[in-house]
Amino acid sequence: MALSDIFIFFLAAIVLFLWWRYWSVSGKGPNNLPPGPPGWPLLGNLAQIILQGRHFVFVVGDLRAKYGPIFTMQMGQRTFIIVTSAELIHEALVQRGATFASRPPDSPIRLLFSVGKCAINSAEYGPLWRVLRKNFVTELINPTRIKQCSWIRNWALENHMKRLQKEAYESKFVEVLSNCRLTICSIIICLCFGAKISEDRIKIIEGILKEVMLVTSPKLPDFLPMLTPLFRRQVREAKELRKRQMECLVPLIKKRKAFVERGENPNGEMVSPVGAAYVDSLFKLEAPGRDGLGDEELVTLCSEAINAGTDTSATVLEWAMFELVVNQDIQQKLYMEIVDCVGKDGMVNEEDAEKMPYLSAVVKETFRRHPPGHFVLSHAAIKETELGGYTIPANVNVEFYTAWLTEDPDLWVDPGTFRPERFLEGDGVDVDVTGTRGVRLVPFGAGRRICPAATLGVLHVNLMLARMIQAFKWLPVPDNPPDPTETFAFTVVMKNPLKAVISPRKAIEEN
Ligand code: HEM
Numbered sequence: 001m002a003l004s005d006i007f008i009f010f011l012a013a014i015v016l017f018l019w020w021r022y023w024s025v026s027g028k029g030p031n032n033l034p035p036g037p038p039g040w041p042l043l044g045n046l047a048q049i050i051l052q053g054r055h056f057v058f059v060v061g062d063l064r065a066k067y068g069p070i071f072t073m074q075m076g077q078r079t080f081i082i083v084t085s086a087e088l089i090h091e092a093l094v095q096r097g098a099t100f101a102s103r104p105p106d107s108p109i110r111l112l113f114s115v116g117k118c119a120i121n122s123a124e125y126g127p128l129w130r131v132l133r134k135n136f137v138t139e140l141i142n143p144t145r146i147k148q149c150s151w152i153r154n155w156a157l158e159n160h161m162k163r164l165q166k167e168a169y170e171s172k173f174v175e176v177l178s179n180c181r182l183t184i185c186s187i188i189i190c191l192c193f194g195a196k197i198s199e200d201r202i203k204i205i206e207g208i209l210k211e212v213m214l215v216t217s218p219k220l221p222d223f224l225p226m227l228t229p230l231f232r233r234q235v236r237e238a239k240e241l242r243k244r245q246m247e248c249l250v251p252l253i254k255k256r257k258a259f260v261e262r263g264e265n266p267n268g269e270m271v272s273p274v275g276a277a278y279v280d281s282l283f284k285l286e287a288p289g290r291d292g293l294g295d296e297e298l299v300t301l302c303s304e305a306i307n308a309g310t311d312t313s314a315t316v317l318e319w320a321m322f323e324l325v326v327n328q329d330i331q332q333k334l335y336m337e338i339v340d341c342v343g344k345d346g347m348v349n350e351e352d353a354e355k356m357p358y359l360s361a362v363v364k365e366t367f368r369r370h371p372p373g374h375f376v377l378s379h380a381a382i383k384e385t386e387l388g389g390y391t392i393p394a395n396v397n398v399e400f401y402t403a404w405l406t407e408d409p410d411l412w413v414d415p416g417t418f419r420p421e422r423f424l425e426g427d428g429v430d431v432d433v434t435g436t437r438g439v440r441l442v443p444f445g446a447g448r449r450i451c452p453a454a455t456l457g458v459l460h461v462n463l464m465l466a467r468m469i470q471a472f473k474w475l476p477v478p479d480n481p482p483d484p485t486e487t488f489a490f491t492v493v494m495k496n497p498l499k500a501v502i503s504p505r506k507a508i509e510e511n
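According to the UniProt record's numbering, the sequence shown is numbered sequentially starting from 1.
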C-alpha cells in the first residue's frame, strides 16, 4: 500500500468518525442543547423510532425515564426538544407564554391543507393568528352563541340515540367511538355552515377529514426533506385529496353565502339564522397578510374546527365509556346522580349537565387517566431563548409531554387507578385545568395557545355521556371484554375500539 493510500485511509476514517459524532450526540456541545439519546448519522433518533416500530409518543414515554425534564431528539434534519416536567412546562407555556407561542415550520403537504398556515392551530404567533383566534372565540364559542345553538345538540343527540338503538338491535352491541365521532361531527358541521345535512353527507365529510389527518401526519420527508423527490406519489395523492375536500365543502359554502346575501334557501337546508354560523363571520373577515378569505381559506378554517373538535371529544367519550363499562359501580353512581337531577325520563340539558359534580368528576378523571393527546400541538420559540439552563433555538419543535403529568406519582395519589372521587374530595379538588396556577392536568394545553373551545368540548362530552347513561345500562360484550390497549390515531384511542351491550333502563326497571 502506498503512503498516499494510507494517508487517504486515515483521513477518511477521521472524517467518518467526526461525522458519526456529529450525528450521534444530541444536545450539549457548543450549541448547549438539552442532552439526548445518541442517534445515527443522518437519521439521528429517527432510526430508533423506525427500528422500534412504535409511535413517537410511546418511545418518548420511555426516554423520559432516562433523560428527565428536558431532552433533545434529533429527528433526521429536525431538532425536537421534549419538555416533561411540570415546572418547565408551566414556565414555558404560562410564565413565558409569548416566547413559546409559535408553531414550527410545516411540511409541504400540511401547508397544502392549511393554505400556507391560514388556520388557528398552525398559524405562527402573530397578527394573522390573533385575528383568526379572536374571531373564532367571539363567533363560535361565546356563551350566547353556545346557548343559541343548543337545538343543534338536541337534534344531533336525538339521532345519536336512535342510531345506537338501531345498531344494538341489528348487531347486539354498539361501537362507541364511531357513533360519537359521527354525532359530534354533525354538530360541528351545523355550527360551521348553519346547515342540517343528511347523515350520508356527514359521513362523506367525516371520511375525508380522516383521510386528511392520515395524509398530514408526519412522514419521512418531514424529517429528511432531501427524500421529498421520492415521495412525489404521496404529494400527488394529497393534492387529489385536497381537491375532493374542496369539492365536498365549497358547494355548502356557496349555498350558505347565497342564503346570507340573498336569503336563498331552496331546499331548506340552511337552518341557522344569518350570522349564527361560523362561516358567516369568515365571509367578511379581514385577515392580515391575506387579500380576503377565499374558498380555500374558508374550507381550511371550517375543516379545522370540525377536525379539532371531533376526534378529541369522541376519544374522551370512548375512554369514559370504557371505564363505566368495566366499573359498574361508578356507572351506577353516575346514573343515580342523573336521576336525582332530572328524573328517569327528564331530558338532560346543558344547564343540568353543569349541575352534576359526579359527572364532571368522571369526565375529569377520564382526561387524567386517558389523556386524548400525550402532547399538546408542537410549539416553537419566537426567537432563540433558554429553558432549564439550555438553549432553545427559534423554530425547532418544542414538544410538551403533558400526559406524563397525569401519571406522575409525585402529583397524584395512586395515579394508575380510575377514581373520579379524587376530584370531589381528594388530590384532584384544587386542580386548575387551564394550567394558570400550575400544570397537573392540562388536556387543553395552557397559556396563549390553550384550546379556545375547551368549554364546547367539555359540553359535548358531558351532555352525550349523561344522555347515554340515562337511557341505557352499558355492559361488556360477553366473550369480548373491553381491552385497554392504546394506539395512536391522531389522538390516543383504544386499539380494539370499545364495543358494549346496551340495555334500555326502562326495560330493566319494568322486568
Ligand atoms: C375534549 C375536547 C378537546 C380537547 C381535549 C382539545 C385539546 C386541544 C389541545 C391540547 C390543543 C393544543 C394546545 C397547544 O398547542 O398548546 C388544542 C388546540 C385547539 N383546539 Fe381543541 N380540544 C378539544 C375540543 C375542541 C373543539 C370542540 C374545537 C373546535 C370546535 C377545538 C379547536 C381547537 C383549535 C382551533 C385549536 C388551536 C388553538 C391555537 O393554536 O391557538 N378544540 N385543543
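We put the CB at the ideal spot given by N, CA and C, even for glycine.
The residues Arg103, Asp106, Arg110 and Ser114, in chain order, have a CB closer than 8 angstroms to that of Ser122 in the same chain once the five nearest residues on each side in sequence are set aside.
In the structure shown, the three-state DSSP call for Ser503 is strand.
According to DSSP, Ser102 shares a beta bridge with Ala380.
Taking the Cα of Val429 as reference, the smallest distance to any Cα among Asp222, Ser360, Val235 and Trp155 is reached at Ser360.
Taking a cut-off of 8 angstroms on C-beta distances, the stretch 338 to 350 does not touch the stretch 477 to 496, as fewer than three cross pairs fall below it.
Shortest Cα-Cα distance from Gly39 to any of Thr417, Tyr390, Phe375 and Arg78 involves Arg78. By the Cβ criterion, the stretch 312 to 330 is in contact with the stretch 484 to 500, since at least three pairs of Cβ atoms, one from each stretch, lie closer than 8 angstroms. Between Leu411 and Arg440, the C-beta spacing is below 7 angstroms. With a cutoff of 7 angstroms on beta-carbon distance, Leu252 and Phe193 are scored as near each other. CA-CA distance, Gln332 to Gln470, rounds to 10 angstroms. Checking the 6 angstroms criterion, the Cβ of Ala453 is within range of a heavy atom belonging to the ligand HEM. Here Ala507 is exposed, its C-beta having fewer than 16 other C-beta atoms within 10 Å.
For Tyr390, the secondary structure class from DSSP, reduced to helix, strand or coil, is strand. In this structure, the straight-line span from the alpha carbon of Val212 to that of Glu510 is close to 47 angstroms. When secondary structure is reduced to three states using DSSP, Pro266 falls in the coil class, being assigned neither helix nor strand.
Taking the Cβ of Ser313 as the reference point, at least one heavy atom of the ligand HEM falls within a distance shorter than 6 angstroms. In the same chain as Arg290, and ignoring 5 residues on each side of it, the C-beta atoms closer than 8 angstroms to its own belong to Cys118, Leu128 and Glu297, in chain order.
It is roughly 12 angstroms from the alpha-carbon of Val57 to the alpha-carbon of Pro372.
Nearest Cα to Leu42 within the set Leu424, Gly76, Arg153 and Ser272: Gly76.
Placement of the Cβ of Gly457 at a distance of less than 6 angstroms from at least one heavy atom of the ligand HEM is found. Taken through DSSP and simplified to helix, strand or coil, Thr434 comes out as coil. Annotation: the continuous beta strand (DSSP E) that includes Glu399 extends over Asn397 to Phe400. Ile208 and Leu241 have their C-alpha atoms spaced approximately 8 angstroms apart.
For the alpha helix (DSSP H) assignment, the uninterrupted runs of no fewer than 4 residues enclosed by the stretch 448 to 494 are, from N- to C-terminal side, 454 to 471. DSSP places Phe444 outside both helix and strand once states are collapsed to three, so it counts as coil.
With a cutoff of 6 angstroms, Val137 does not count as near the ligand HEM, since its C-beta is closer than that to no heavy atom of the ligand.
Phe113: member of the alpha helix (DSSP H) spanning Pro108 to Phe113, first to last residue.
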